[in-house]
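Here numbering that gives the first Met the number 0 is used: position 12 in the sequence shown is 11, and no number is missing along the way. Think of the CB as a built atom: it goes at the ideal place given N, C-alpha and C, for glycine as much as any other residue. All figures in this text were calculated on a predicted structure; none of them were measured in a lab. Presented below is the structure to which this report refers.
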Amino acid sequence: MQINPYLGFKGQCEAAFNFYEQCFGGVIIAKITYAETPMAEQAPPEWRSKIIHAALRVGEMVLMGGDPVPDRYDEPKGISLSVVVEDPAEAERIFSALSVNGTVEMPLQQTFWAERFGMLVDQFGIPWIVNCQKSA
């Protein structure tokens, strides 16, 4: 079994996945617009170029998402995506990349459990936690 996060965006899924591909060094393995589906005619005309489904492979994890039609979008609440790395420099790099045009909620810093830990909401409204645990 595999559980994958599926993110909803307000029409910026393509930009978000291009951004995440750069941040994480992943590879976009799927990007399908509404116009490319059998339901193209049912989507609002201005929405046909939006992404109905995207997938980004990062290591063994797959991050998925899409642009729900405007009346079906809900802002993320009560959930964050957690990135766990072993190298503090990698935590710094990823946190810095994700925070571009976003909002830092807790700066990346050393804590009693982690070499680096920080929280932010990226420019697309997605909450992230970056964690680099202390060595055993």
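Pairwise C-alpha distance: residue j and residue i
| i | j | result |
| --- | --- | --- |
| Tyr33 | Asn3 | 22 angstroms |
| Trp112 | Cys131 | 9 angstroms |
| Thr102 | Gly117 | 11 angstroms |
| Ile128 | Thr110 | 13 angstroms |
| Glu74 | Ala135 | 37 angstroms |
| Gly58 | Gly25 | 7 angstroms |
| Ala42 | Gly10 | 13 angstroms |
| Arg56 | Leu119 | 22 angstroms |
| Thr36 | Ser48 | 11 angstroms |
| Ile31 | Arg115 | 36 angstroms |
Beta-carbon gap between residue i and residue j smaller than 9 angstroms
| i | j | result |
| --- | --- | --- |
| Leu6 | Leu62 | yes |
| Ala15 | Ile125 | yes |
| Asp66 | Cys12 | yes |
| Ile50 | Phe8 | yes |
| Asn100 | Asp121 | yes |
| Ala53 | Ile27 | yes |
| Val82 | Phe23 | yes |
Whole-Å CB distance - residue i paired with residue j, under 8 angstroms assumed
| i | j | result |
| --- | --- | --- |
| Leu107 | Glu91 | 6 angstroms |
Counterpart residues of residue i in DSSP-defined beta bridges
| i | result |
| --- | --- |
| Ile28 | None, per the DSSP bridge assignment. |
| Pro126 | Val120 |
Entirely enclosed alpha helix (DSSP H) segments - the region 76 to 100, minimum 4 residues: The qualifying runs are 87 to 97.
Whole runs of the alpha helix (DSSP H) within the region 12 to 70, excluding any shorter than 4 residues: Entirely contained in the region 12 to 70, the alpha helix (DSSP H) runs reaching 4 residues are, in chain order, 12 to 23.
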